[in-house]
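Order-wise, the sequence lines are chains B, V, Z and R.
Just so we're aligned, residue -2 is where the first sequence starts under the numbering used here, counting upward by one.
Just so we're aligned, residue -2 is where the second sequence starts under the numbering used here, counting upward by one.
Just so we're aligned, residue -2 is where the third sequence starts under the numbering used here, counting upward by one.
Just so we're aligned, residue -2 is where the fourth sequence starts under the numbering used here, counting upward by one.
Number of protein chains: 4
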Amino acid sequence: MIKAGIVGATGYAGIELVRLLSQHPSVTLTHLGSQTYDQKPYIDTVSSFRGKLDDYVCRNAPVEELADSCDVLFLALPHGIASRQINEKVLEKTCIIDLGADFRLKDVKIYEKWYGIPHSSPHLLPRAVYGLSEFERSSVSKTNLIANPGCYTTCSILTLAPLIRTGFLSGFTDSGGYPPILIDAKSGVSGAGRKAGTASHYCETNESIKAYKIASHRHTPEIEQYLEMNSDEPVRVQFTPHLVPMNRGILCTAYIPLGHTGKKTTSLDELRGLYLETYDNEFFVRILPEGIFPETRWVKGSNYIDIGIFFDERTNTIIAVGAIDNLVKGAAGQAIQNMNIRFGFEENEGLRSLPCFP
Amino acid sequence: MIKAGIVGATGYAGIELVRLLSQHPSVTLTHLGSQTYDQKPYIDTVSSFRGKLDDYVCRNAPVEELADSCDVLFLALPHGIASRQINEKVLEKTCIIDLGADFRLKDVKIYEKWYGIPHSSPHLLPRAVYGLSEFERSSVSKTNLIANPGCYTTCSILTLAPLIRTGFLSGFTDSGGYPPILIDAKSGVSGAGRKAGTASHYCETNESIKAYKIASHRHTPEIEQYLEMNSDEPVRVQFTPHLVPMNRGILCTAYIPLGHTGKKTTSLDELRGLYLETYDNEFFVRILPEGIFPETRWVKGSNYIDIGIFFDERTNTIIAVGAIDNLVKGAAGQAIQNMNIRFGFEENEGLRSLPCFP
Amino acid sequence: MIKAGIVGATGYAGIELVRLLSQHPSVTLTHLGSQTYDQKPYIDTVSSFRGKLDDYVCRNAPVEELADSCDVLFLALPHGIASRQINEKVLEKTCIIDLGADFRLKDVKIYEKWYGIPHSSPHLLPRAVYGLSEFERSSVSKTNLIANPGCYTTCSILTLAPLIRTGFLSGFTDSGGYPPILIDAKSGVSGAGRKAGTASHYCETNESIKAYKIASHRHTPEIEQYLEMNSDEPVRVQFTPHLVPMNRGILCTAYIPLGHTGKKTTSLDELRGLYLETYDNEFFVRILPEGIFPETRWVKGSNYIDIGIFFDERTNTIIAVGAIDNLVKGAAGQAIQNMNIRFGFEENEGLRSLPCFP
Amino acid sequence: MIKAGIVGATGYAGIELVRLLSQHPSVTLTHLGSQTYDQKPYIDTVSSFRGKLDDYVCRNAPVEELADSCDVLFLALPHGIASRQINEKVLEKTCIIDLGADFRLKDVKIYEKWYGIPHSSPHLLPRAVYGLSEFERSSVSKTNLIANPGCYTTCSILTLAPLIRTGFLSGFTDSGGYPPILIDAKSGVSGAGRKAGTASHYCETNESIKAYKIASHRHTPEIEQYLEMNSDEPVRVQFTPHLVPMNRGILCTAYIPLGHTGKKTTSLDELRGLYLETYDNEFFVRILPEGIFPETRWVKGSNYIDIGIFFDERTNTIIAVGAIDNLVKGAAGQAIQNMNIRFGFEENEGLRSLPCFP
């Protein structure tokens, strides 16, 4: 039994952490942190947990204090805060699983360029492990600083990884570089957080779809960094997020046009082989049968990622589609998966509940 | 470990039964019945269970055959079918939990009036136990024929029961009878079933609300029967269902105007006393604190019912509001609660998962 | 051609006023007022009007200044502001159509009790005309201070008026008073305004329904005042609003239980007679055929109110259901209808566009 | 005043035609055709038009008969039917505006390959004019057979046209051909029609997003044919539609990666120049200011297309985004625009009503 604290427990990722951790057999929740609801009963703002978490009162405590009493601390905070609160002392005492952006990018310059603020603890970046569970188990199991990947990032990378990690895409263009990689992503509104604003007002998002942060979304460098680390060539990704009128879910439709010349091509069989091999025996990754493609409703409430792969011979283009629940596999679920790896629990402990449809 | 079969496993109540039972520690799912998807893999129509239920193939088997191999059989069928398939032989071999309407009403004439068809096995009606779990534990534990209450019914009765079972409402009017009881109910679309039709088409229900089956909804006599059984006076209920553009959830707003004369009245304290006492220690019933009222989002995916009670002194009217997830407490969840009671498992076994918000 | 200004043009009622007035053949829009967007192009916040209103810049001007340049001024403001800005001088120069609450209640004590603030210009209350267009044409046509009814109010009163104005309900109870009148109302989210807040956040309202402001909604005294003015007895109304996950629309389900004694009763024919007679030749009121009841989708975008009436013999209860678009008949549309009456235009000028479905 | 008939008047495109045409000053609606609702009052299935169209009864009449009494006939039918019903005689008597697919593709082999059925009147294909209003005014004005473009097609082509028609894209690749053109499209559910089916059931589409008909959607050859007709090179398009839980709206996000080599590139200024020039003075095309991108809510209910253009220097990729209301500009609106052109009315007659938000 380990003691877990959550800083930022009243946002959507925080609430999902509470839901999952309070049902995890090896975890005791010892701290529910909130600035906004400091000193108020937790169920005042999350009435769903009434009857189970009635005794919890939100507190606004600094990470350094919490490090003493928690074996693991989940941080679900806006970027820029975690890197101010974490230091060596904290990391000696507790394991940090940061659901924010501060420790995801290895290159502090890239962080500062995309986030527009200075990084408060660049010296800790080398200690941070990028917690993409399926591929980083070994490193995750040994660190006290886990940078939990972003929601779009998780979906995008897992959807594309078999093409990159296997070296498959290398040398596809005449000039030797990668072909273009385009990711058209769609997310439910919970991805934007619980903070109120005109953009998240019901009537401003309902019955509409839009692209946003075109060419400038901060998950772009995160995707590129990880793909590039697993490739022998530079990787550039065109990433476009869209806002969809639904609570949960991310769908990433990725395109890799192999070029009109047709010199280099592939086949659906070859592609399916790469995916099935890469994700063989992965509990949370479901490679869909030929002809079936992901829909976010089928993963809602679960830690699964569903992936469908296709090759369009007519246009010589690879199309890969992935779907996750942004709050589970894209945030709280993967964070707990990392905790399980780090603390030696079964990797899917507390994460086996099936998707909830409809 | 008991063997459970589901007849009608591809409808929404059936899918929810599968989701909950496949995660129940004392149950093995041995049969997923479907007419429409006979001989097809179950995951073909419910892709969410991929990875877990890949080996299940839908079958269209008669109840009599299934009775041999199942300890418990859940029937999630349109009315009129269950009463044709169930007989004494079946009931000797297995426990039937019928989520349909055929065995809910004790008076076959009322059944035939509201449902418009003859009842195929009226002789079995006396054996059927109305499975309103919180109040019928003793009978449920001893029967092989459990009539699982309707979704609106469950929400309505539980929301009103403390006023009736305690005798509180008796004699409130000058003429000795009950004051009017009005239930204005609102349901998500899954309550209408998975069958396709213009009425359930996305664009015909989205962005709209309507009342339907005014004064003629079939859950009306069910509510009246149960309230009357627990009262010393005849009970008439004005029940009006509404269709709300959301997947899950039922909200019942009940009104009991005590009359302008003001001779008979009550107080919020007295009412809260009745509710807290009636539901003391009930795991699945959450009486909300003063001033807080139910919202369906707080019970989504769970077996809870949330109840709020109010007394309007200005109008001398009692207002009680209840919220459930129609597919859980209103169908599959309560059915499993009844199974737990019947087979001696912990009553909340397999039903403890928290609501999923947002 | 008259000159119209709108104060509060960037809220939902304001936007709807702009949409309708900019297409009205006898109106020139001369002022789009906004505090939040002062000095910014109007289309910055309402991109839908691009190409048509590109030259309009929001301004935050006081009503007194605007009175000089506008023949009619629509105020779409939170309560408490209009009554501070309007005075005799203003009313000499321009016609005020106030979509807010300040001039709706005749009794300043009732205003102050329900709104919790002092009224800034009680001396103007006698001059204000309650602009329920269908019944107040004569007064509306002669005043410079029109208090436009609230959204719930409009729907509730028009749905019930034929029972009251005809004297039909009088003396139905033994004690001589009215039977109970209960209104269970359901509204889309735009009714709560465009101001951002947790309560209007997409994920907090989507996929859920709730009752709110039980027994305390401020439209209650407004409904009572109007019904009472048109009755020979005191009227008390039980009014309960609910929030529905959709952009637009209000549905009011009204119940009048006539009592179990059965001494006094009625029939559907009699009721339909009252409704057809009351609304004979009303362009915007559609009394639905027997057996058909309103759905908000059928009035969306239009100034119609659809009304269905039913009598439940089993329970001796009258049920009346009304549906409007809260932003049109419940706000901007009725305001323009009043303007048309006041300025002698055809009453449905600029308001004839058909509902938009789906 | 011309006489207009609609065949298929009870589907969503048909209903939108009725809404718009019944408010068109130069049109009399003389026929509302329906197979399903033959002999039933039109308002039975479209209650929104009550009070306006009460006298209309649906009829299931053959096109040949209708040709005698209608100046213009709108066909909103599933593919394969129009080409069976239209012949030379019909085209001598009336102007056909076909909202279906039968006369859009010039090459009968491509039609038969993508639609999987033989074409019933290939000899009429040369007479058909592809009614993309903004670019085909001259041909549209002279024909009696207008093939109204598909919804996705209209949005896709108008979003990309300035890059093609100007010759801009020609020769961008080393091999001389076009760079890849990828269109990731998202549509509301009304695009799938009013026919009931599991796929359009509320609970199967709500709270989910999916890609569908990957690499096989029938609007693909339509887009390619038109772009190719306006280009000096073969054009291949990767087109992927997605289903979004909303009633109306299409958003097309188009990507043109210009290659990593960076030999050939462009700038936002150059691109904006192409768009502004191409659509100069077009009433229905709104090129959004720099940094602003389309959202479907801003065009809902109107005949506008909003277009945003961007150039990502980092990836050397052009991104163009377009948004329409699929039932207006993508169907009924453009059909009426074509009618206006054909009959010499003002092109935006009956189409000037502003978008309805929220």
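Just so it is clear, CB atoms sit at the ideal spot from N, CA and C, and this is done for glycine as well.
Predicted model, so just to flag it, every value in this text is computed and none were measured.
If we ignore side chains and look at the alpha-carbon of each, how far apart do residue i and residue j end up?
i	j	result
Asp51 of chain Z	Gly168 of chain R	38 Å
Ser117 of chain Z	Lys210 of chain V	48 Å
Cys200 of chain V	Leu26 of chain B	43 Å
Thr263 of chain R	Thr312 of chain B	24 Å
Tyr357 of chain R	Cys353 of chain Z	Residue coverage of chain R in this structure runs from -2 to 355, which leaves residue 357 of chain R outside it and unanswerable.
Val318 of chain B	Pro286 of chain V	46 Å
Phe165 of chain V	Lys261 of chain V	11 Å
Pro218 of chain B	Gly327 of chain B	17 Å
Gly48 of chain B	Asn145 of chain B	30 Å
Gln331 of chain Z	Thr151 of chain Z	9 Å
Val234 of chain R	Ser197 of chain V	35 Å
Gln334 of chain R	Leu14 of chain V	52 Å
Met226 of chain R	Leu155 of chain R	14 Å
Ile12 of chain B	Leu351 of chain V	11 Å
Ile289 of chain R	Thr7 of chain B	32 Å
Pro59 of chain B	Pro159 of chain B	40 Å
Which same chain residues, not among the five before or five after residue i, have their C-beta less than 6 Å away from its C-beta?
i	result
Lys106 of chain R	none
Ala320 of chain R	Leu248, Pro291, Thr293, Val296, Asp303
Ser228 of chain B	Ile161
Lys37 of chain R	Cys55
Ser153 of chain B	Ile180, Ile220, Cys249
Trp111 of chain Z	Arg215, Pro218
Pull up the CB-CB distance for residue i and residue j, whole angstroms please, since I reckon it's below 8 Å.
i	j	result
Ile180 of chain B	Phe236 of chain B	5 Å
Phe308 of chain Z	Leu265 of chain Z	5 Å
Phe340 of chain R	Ile(-1) of chain R	6 Å
Ser205 of chain V	Pro242 of chain V	6 Å
Tell me which residue opens and which closes the alpha helix (DSSP H) that residue i is part of.
i	result
Ile107 of chain R	105 to 112
Ile220 of chain B	216 to 226
Val54 of chain V	Note, Val54 of chain V: premise wrong, no alpha helix (DSSP H); not H, not E.
Pro254 of chain R	Here Pro254 of chain R belongs to no alpha helix (DSSP H); instead the beta strand (DSSP E) covers 247 to 254.
Ala158 of chain V	148 to 162
Which residues in the same chain as residue i place their Cβ atom closer than 7 Å to its Cβ, once the five residues preceding and following it in sequence are excluded?
i	result
Ser187 of chain R	Tyr9, Asn244, Arg245, Asn323, Leu324
Lys207 of chain Z	His239, Leu240
Leu268 of chain B	Ile306, Phe308, Ile315
Ile284 of chain V	Tyr272, Leu273, Tyr276, Ile304
Asp35 of chain Z	Cys55, Arg56, Asn57
Since residue i is in the beta strand (DSSP E), which residue starts that stretch and which ends it?
i	result
Gln235 of chain V	234 to 240
Lys0 of chain R	-1 to 4
Thr25 of chain R	24 to 30
Cys92 of chain B	92 to 95
Val282 of chain Z	282 to 284
Under 8 Å Cβ to Cβ from residue i, same chain only, skipping five residues before and after it: list those, please.
i	result
Asn337 of chain B	Glu343, Glu344, Asn345, Glu346, Gly347, Leu348
Pro355 of chain B	Arg294
field: Meets three-Cβ-pair contact criterion under 8 Å: the region 273 to 293 of chain V and the region 218 to 230 of chain V
entry: no
- request: Count the CB pairs spanning the region 117 to 130 of chain V and the region 187 to 206 of chain V that are closer than 8 Å, and state whether there are at least three.
  value: Contact between the region 117 to 130 of chain V and the region 187 to 206 of chain V is absent, with fewer than three C-beta pairs closer than 8 Å.
- request: Decide yes or no for the touch test of the region 29 to 39 of chain B against the region -2 to 18 of chain B: beta carbon pairs closer than 8 Å, at least 3 of them.
  value: yes
message: When you compare the region 83 to 92 of chain V with the region 14 to 22 of chain V, are there three or more beta-carbon pairs, one atom per stretch, that lie closer than 8 Å?
response: no
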